[in-house]
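Here is the structure we will look at.
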Amino acid sequence: MDLRDSPDEARFRTRLRTWLSENVPTEPEPAALAERWPHMREFQQRMYRGGWVALSYPREVGGQGLGLMEEAILSQELGRVNAPTMLPLGHLGRPLLSHGSEEQRRRYLPPLLASDEIWCQGFSEPQAGSDLAALRTRAVRDGGDWVISGQKVWTSYGVFADFCLLLARTDPEARRHRGISAFVVPLRSPGVTVRPIVLANGDEEFAEIYLDEVRVPDRNMIGAPTDGWRIAMDVISYERGAVDIGYLSKFERYFAELADVVRRSTPTPDRAVVRALGETAAGLEVLRMHCLRSLSERASGAAPGPETSIDKLLMTRVEQLLMATSLDLLTDAAEPGRREWFDRYLYGRAGSIYGGSAQIQRNILAERLLALPREPRV
Ligand SMILES: Cc1cc2nc3c(=O)[nH]c(=O)nc-3n(C[C@H](O)[C@H](O)[C@H](O)COP(=O)(O)OP(=O)(O)OC[C@H]3O[C@@H](n4cnc5c(N)ncnc54)[C@H](O)[C@@H]3O)c2cc1C
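For what it's worth, numbering that gives the first Met the number 0 labels the leading residue of the sequence shown as 0, then goes sequentially.
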């Protein structure tokens, strides 16, 4: 793969840099999510109006009809300029794009991509996390409607969301994976209760969602009744890609900030500091090169599959190394950004859980890429 920009990509990058230099807010983001959320959303909406969101989605649903390379350039440039955190929710549009009806694509995708309507992902349940196919939320057909009852948990941004992409069991007789369907559930529907869950850093980023005989019309099912599992796996594949969710650029920005703080506070750092930074930089570079490889495969037409578990594992490793290094190096309690780094450290712990835990990613690699046996041989 040629890593240099083509002439078109170089023009795109220049245009983007100009736009970002004129539009990225200069004031720092508020620390608490409740105050940060409107900033994140406002910036995302501004980006959308500027034509910089959903670059690889088709134009007729609100995208820009461009390619993955432009998505990667965008991710790089956002990282470079310290832009506000992007809402990590774009992957929720993918199932509507690939499995949704024409009516669903036209109704839901433009406001989702514009961040005028916020979506959340209702997959996990108290007894169904790693073993997602054990989910118990039920949808029962009643005339032209489905009546949904059950409970979801760990729903990111559930308190801010208007719609939930929800998995429910529609055929209790079918094999576990086959009996699951995907629905669009408006969260203002009668019977829905959304309760915030407070994180260790005080943010209410998660929610529990209770569904008590929530009625949705048949047209709110995405794909066929047996498509739920395939749709869930598609969403998760996109959620695991570092470039897909813009995390590569975020980590590059954090690393640059950390190196800068260390440089300012310790003009001649000792070997241990240099070594810690060097290890982090090397991990980041491995992730970057891996992302480029994934991108080049995707650019040649391959859909994301089980190999995104490699992205997820590398991403988690880099994030946790970076955050642990930051805590080790920023020992001066007076350092103004220390609280922010501590929040980032706490959040980094979640990297080995969300989108499938690190153990589950290793299981996927072992079974689906390396074709190792499921049970150890004795
Ligand atoms: C920041 C964050 C955001 C999230 N956002 C969402 C969201 O928006 N929507 C949503 O639906 N969910 C969300 N989740 C939930 C997430 O998908 C689950 O937490 C995750 O799948 C793990 O499930 P669990 O918490 O039930 O843990 P469990 O499945 O109970 O796992 C507990 C431990 O056992 C290990 N384990 C389980 N099974 C195996 C196995 N077969 N082999 C080896 N080890 C195993 C796991 O690795 C883990 O260490 C989010 C989670 C986090 C942390």
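Beta carbons: idealized from backbone N, C-alpha and C, even for Gly.
(Q) Run through the DSSP bridge pairs and tell me what Trp118 is partnered with. (A) Under DSSP, Trp118 takes part in a beta bridge, and its partners are Phe162.
(Q) Nearer than 8 Å: is that true of the beta carbon of Ile352 relative to any heavy atom of ligand 1? (A) yes
Q) Cβ of Ile357 versus every heavy atom of ligand 1: is any distance shorter than 8 Å? A) Note that residue 357 is Ala in the sequence shown, not Ile. Yes; taking the cut-off as 8 Å, the Cβ of Ala357 has a heavy atom of ligand 1 nearer than that.
Q: Could you give the DSSP three-state label for Pro224: helix, strand or coil?
A: helix
Q: Compute the beta-carbon to beta-carbon distance between Asp211 and Ser148, rounded to the nearest angstrom, for a pair I have assumed lies under 8 Å.
A: Here Asp211 really is in contact with Ser148; their C-beta atoms are around 6 Å apart, less than 8 Å.
Q. Do Gly350 and Glu318 have their CB atoms nearer than 9 Å?
A. It is a contact, given that the beta carbons lie within the stated cut-off.
**Q.** Alpha-carbon spacing of Asp233 relative to Tyr253, whole angstroms
**A.** 29 Å
Q.
What I want to know is whether the C-beta of Gly227 ends up closer than 8 Å to one or more non-hydrogen atoms of ligand 1.
A. no
**Q.** Other residues of its chain near Asn200: CB distance less than 6 Å, five sequence neighbours each side excluded
**A.** Shown here for Asn200: same chain residues with a beta carbon closer than 6 Å to its own, the five before and five after excluded, namely Asp342, Leu345 in chain order.
Q: Please classify Pro57: is it buried, with 16 or more other beta-carbons within 10 angstroms of its beta-carbon, or exposed?
A: exposed
Q. How would you write the range of the beta strand (DSSP E) that Ser180 sits in, first residue to last?
A. That run of the beta strand (DSSP E) goes 179-185.
Q.
For the pair the stretch 59-66 and the stretch 110-122, tell me if three or more CB-CB distances fall below 8 Å.
A. yes
(Q) Between the alpha carbons of Pro195 and Tyr209, how many angstroms are there, rounded? (A) 11 Å
Q. Roughly how many angstroms separate the alpha carbons of Arg39 and Met85, rounded to a whole number?
A. Reading the sequence as shown, one finds Met at residue 39 and not Arg. Their backbone Cα atoms lie some 6 Å apart in a straight line.
Q: Identify which residue in Pro125, Ala133, Arg45, Leu19 has its Cα closest to the Cα of Gly178.
A: Ala133
Q | Nearest to Leu77 (by Cα), restricted to the options Arg348, Pro171, Arg16 | A | Comparing Cα-Cα distances from Leu77 to each of Arg348, Pro171, Arg16, the minimum goes to Arg16.
Q | C-beta neighbour in chain C for Ile117, strict 9 Å | A | Included in the structure is just one protein chain, with no chain C present.
Q. Where does Pro266 fall in DSSP's three states?
A. coil
Q | Length of the line joining the Cα atoms of Arg229 and Leu286 | A | Rounded to the nearest angstrom, the two C-alpha atoms are 27 Å apart.
Q: Assign Tyr209 to one of three DSSP states: helix, strand, or coil.
A: strand
Q: Within 10 angstroms of the Cβ of Asp217, are there 16 or more other Cβ atoms? Answer buried if so, exposed if not.
A: Classification for Asp217: exposed.
**Q.** Cβ-heavy atom distance, Ser180 to ligand 1, below 8 Å
**A.** Answer for Ser180: no, Cβ out of range of ligand 1.
Q: Give the secondary structure of Asp1 by DSSP, where H, G and I count as helix, E and B as strand, and everything else as coil.
A: coil
Q: Please classify Ala370: is it buried, with 16 or more other beta-carbons within 10 angstroms of its beta-carbon, or exposed?
A: Flag for Ala370 reads exposed.
Q) Hey, quick one: how far does the alpha helix (DSSP H) through Gln358 stretch, first residue to last? A) Going by DSSP, Gln358 is part of the alpha helix (DSSP H) stretching over 357-363.
Q) Do Ser155 and ligand 1 come close, with the Cβ less than 8 Å from some heavy atom? A) yes
Q. Quick one: is the Cβ of Leu369 within less than 8 Å of any heavy atom of ligand 1?
A. no
Q: From the DSSP output, read off the bridge partner residues of Trp145.
A: Arg140, Val215
**Q.** First through last residue of the alpha helix (DSSP H) which encompasses Val317
**A.** 307-328 is the span of the alpha helix (DSSP H), which, as asked, contains Val317.
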